[in-house]
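Novice:
Number of protein chains: 2
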Amino acid sequence: MSYANEMSARPESADERTLAARLRLAVVRLNRRLRAQRSEDRTVTLTQFSALSTLHKSGPMSPGELAARERVQPPSMTRVISALEESGLLTRSPHPTDGRQTVIEASAAGKAYIAAEVSARERWLDERLAELSEDERTVLRRAADIIDRMAGT
Amino acid sequence: MSYANEMSARPESADERTLAARLRLAVVRLNRRLRAQRSEDRTVTLTQFSALSTLHKSGPMSPGELAARERVQPPSMTRVISALEESGLLTRSPHPTDGRQTVIEASAAGKAYIAAEVSARERWLDERLAELSEDERTVLRRAADIIDRMAGT
DNA sequence: CTCATTTCGTTAGCATAGCTCACGATTCCG
DNA sequence: CGGAATCGTGAGCTATGCTAACGAAATGAG
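These protein sequence lines are chains A and B, in that order.
Following our numbering from start to finish, the first sequence increments by one per residue and tops out at 153.
Following our numbering from start to finish, the second sequence increments by one per residue and tops out at 306.
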């Protein structure tokens, strides 16, 4: 069943690397895991879901504003918005006074989708978090704030 | 200079979302920032650097083993290894006893590259971390361990 | 009012990064 | 010896970001 797969590699350990190196690896790995959690739901990707969540939570805004909140360049957001509109989860309407802008908003279907899928989407992560101690969750809660502050700069 | 860009969107706040949602957003955002830090160094991407670091730190191993450590599927790792080999930072050699396997190892150039570039690569993150308090860094250090444990499952 | 400048959203094209499926070579084991 | 398992890889797809360039609309100096 199990073949020999041991070489001179040292075992993976809680290591003495720098904080930057450890944090980078942790973030890269968790990001990969999170993106992989879209298998059953074929239509909406993590990026789209993230944008739709932010839009739903913050209310109608312009595409540029949403791009800024998600820390993404406007052209990247354009594609996300187009995909969500095509799925009927979001509506585009003209800005009342400024002809250059558009107002995007989560549609009724989009809001329903979020309500229904938010737990399914984050089920994997929720389960992992549930396995932790309350202290560990507190650490992650604080870390999420700190990371967000760093990434927002 | 400043155009009106206010709609009915609520301001972005330290919010009352679930831990899962907050952690997801924080990780996705930081990951984007980290990948963007490759501007000066044209040749080696974050994924390649991450793999090379792990290989250097853990010693010679098979491609499959490296893929497992990086939490990536073997075909994904093949491309990373090929790119690193082409750059001369890694060597492939046949396994002494198992003809199916190969042994990959950071070359002298690869080790030198890591030693020289590790700080440059992580400069952006290092600078952000330096702006934090010691307490905040401790939180991130613990969080990195917890996240890695979750992602490793 | 006129027109150069700025802003907004988008299109086009590129690079990275991951996946699954399939396949050939090799090894293991009954 | 021959079927089954394993390893690495090739092919092809999708997602996710970026920059450059552009057209439409708004602004503001004259």
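From the three backbone atoms N, C-alpha and C, an ideal C-beta is built for every residue, glycine too.
Alpha carbon to alpha carbon, how far is K57(A) from A162(B)?
Specialist: For the purposes of this step, residue 57(A) is taken as residue 57 along the first sequence, with counting starting at 1. For the purposes of this step, residue 162(B) is taken as residue 9 along the second sequence, with counting starting at 1. If you take the alpha carbons of K57(A) and A162(B), they lie about 9 Å apart.
Novice: Please report the distance separating the alpha-carbon of Q73(A) from that of L66(A).
Specialist: Your numbering for residue 73(A) matches position 73 in the first sequence. Your numbering for residue 66(A) matches position 66 in the first sequence. Between the C-alpha atoms of Q73(A) and L66(A) there is a straight-line separation of about 10 Å.
Novice: Just verifying my parser: in three-state terms, what is the DSSP assignment at L132(A)?
Specialist: Looking up residue 132(A) in the first sequence gives position 132. Here L132(A) sits in coil by DSSP.
Novice: Within this structure, are the beta carbons of R315(B) and M214(B) separated by less than 9 Å?
Specialist: Outside the displayed span of chain B (154 to 306) sits residue 315(B), for which this structure offers no information.
Novice: On the CB-based measure, 16 or more other CB atoms within 10 Å of its CB, does E284(B) come out buried or exposed?
Specialist: The sequence position of residue 284(B) within the second sequence is 131, counting from 1. E284(B) comes out exposed.
Novice: Under 7 Å, CB to CB, which of the residues in the segment 117 to 146 of chain A have a partner in chain B?
Specialist: E122, L125, D126, R128, L129, L132, E136, R137, V139, L140, R141, R142, A143, A144, D145 and I146
Novice: Check for me: the alpha helix (DSSP H) holding T244(B) runs from which residue to which?
Specialist: Looking up residue 244(B) in the second sequence gives position 91. T244(B) -> not in any alpha helix (DSSP H); beta strand (DSSP E) instead, spanning L243 to P247.
Novice: Could you check which residue in W277(B), D301(B), M303(B) and S240(B) has the C-alpha nearest to that of A261(B)?
Specialist: Along the second sequence, one-based indexing puts residue 261(B) at 108. Closest option to A261(B), Cα to Cα, is S240(B).
Novice: Would you mind reading off the limits of the alpha helix (DSSP H) that contains A204(B)?
Specialist: Along the second sequence, one-based indexing puts residue 204(B) at 51. DSSP places A204(B) inside the alpha helix (DSSP H), whose first and last residues are L199 to S211.
Novice: Is there at least one Cβ from chain B nearer than 9 Å to E70(A)'s Cβ?
Specialist: Locating residue 70(A) in the first sequence gives position 70, counting from the first residue. So, interface residue.
Novice: Note down, in chain order, every chain A residue with its Cβ under 9 Å from the Cβ of R232(B).
Specialist: Sequence index remark: in the second sequence, residue 232(B) carries index 79 (1-based). Simply none; closest approach about 15 Å.
Novice: Under 7 Å Cβ-Cβ, which residues of chain A neighbour V180(B)?
Specialist: Along the second sequence, one-based indexing puts residue 180(B) at 27. Within chain A, the C-beta atoms nearer than 7 Å to that of V180(B) come from V27, L30, N31 and L34, in chain order.
Novice: Counting only the same chain and skipping the five closest in sequence on each side, list residues whose C-beta sits under 7 Å from that of S39(A).
Specialist: Counting from one through the first sequence, the residue named residue 39(A) turns up at place 39. Confidence at S39(A) is low in this model, with a pLDDT of 49, below 50, so its placement is unreliable and the value that follows should be read with caution. Nothing listed; no residue qualifies.
Novice: In terms of residues, what are the limits of the alpha helix (DSSP H) holding T78(A)?
Specialist: Locating residue 78(A) in the first sequence gives position 78, counting from the first residue. Start and end: P74 to E86.
Novice: Going by CA-CA distance only, name the one from A174(B), L199(B) and A173(B) that's closest to L237(B).
Specialist: Indexing the second sequence from 1 puts residue 237(B) at position 84. For the set A174(B), L199(B) and A173(B), the Cα lying nearest the Cα of L237(B) is the one of L199(B).
Novice: Taking only beta-carbon atoms, is T207(B) less than 9 Å away from chain A?
Specialist: The count along the second sequence starts at 1 and reaches residue 207(B) at position 54. Chain A, which has a Cβ nearer than 9 Å to the Cβ of T207(B), makes this yes.
Novice: Less than 9 Å between the beta carbons of Q190(B) and L282(B), yes or no?
Specialist: Within the second sequence, residue 190(B) is the residue found at index 37, counting from 1. Within the second sequence, residue 282(B) is the residue found at index 129, counting from 1. No, they are not a contact pair.
Novice: DSSP state of A26(A), grouped into three classes?
Specialist: Counted from its first residue, the first sequence places residue 26(A) at position 26. A26(A) falls in the helix class under three-state DSSP.
Novice: Thinking C-beta only, is A26(A) closer than 9 Å to R175(B)?
Specialist: In the second sequence, counting from the first residue as 1, residue 175(B) sits at position 22. In the first sequence, counting from the first residue as 1, residue 26(A) sits at position 26. No, the pair does not count as a contact, with Cβ atoms beyond the cut-off.
Novice: Taking 9 Å as the threshold (beta carbon to beta carbon), is T200(B) in contact with chain A?
Specialist: On the second sequence, residue 200(B) is found 47 positions in, with the first residue counted as 1. Output row for T200(B): interface = yes.
Novice: Going by the CB atoms, is the gap between Q101(A) and G64(A) shorter than 9 Å?
Specialist: Sequence index remark: in the first sequence, residue 64(A) carries index 64 (1-based). Sequence index remark: in the first sequence, residue 101(A) carries index 101 (1-based). Cβ distance < 9 Å, so G64(A) and Q101(A) count as in contact.
Novice: Compute the beta-carbon to beta-carbon distance between A301(B) and R29(A), rounded to the nearest angstrom, for a pair I have assumed lies under 8 Å.
Specialist: As a first step, residue 301(B) is located in the second sequence; it is residue number 148 there, counting from the start. As a first step, residue 29(A) is located in the first sequence; it is residue number 29 there, counting from the start. Note that residue 301(B) is Asp in the sequence shown, not Ala. At roughly 7 Å, the Cβ-Cβ gap stays under 8 Å, so D301(B) and R29(A) are in contact.
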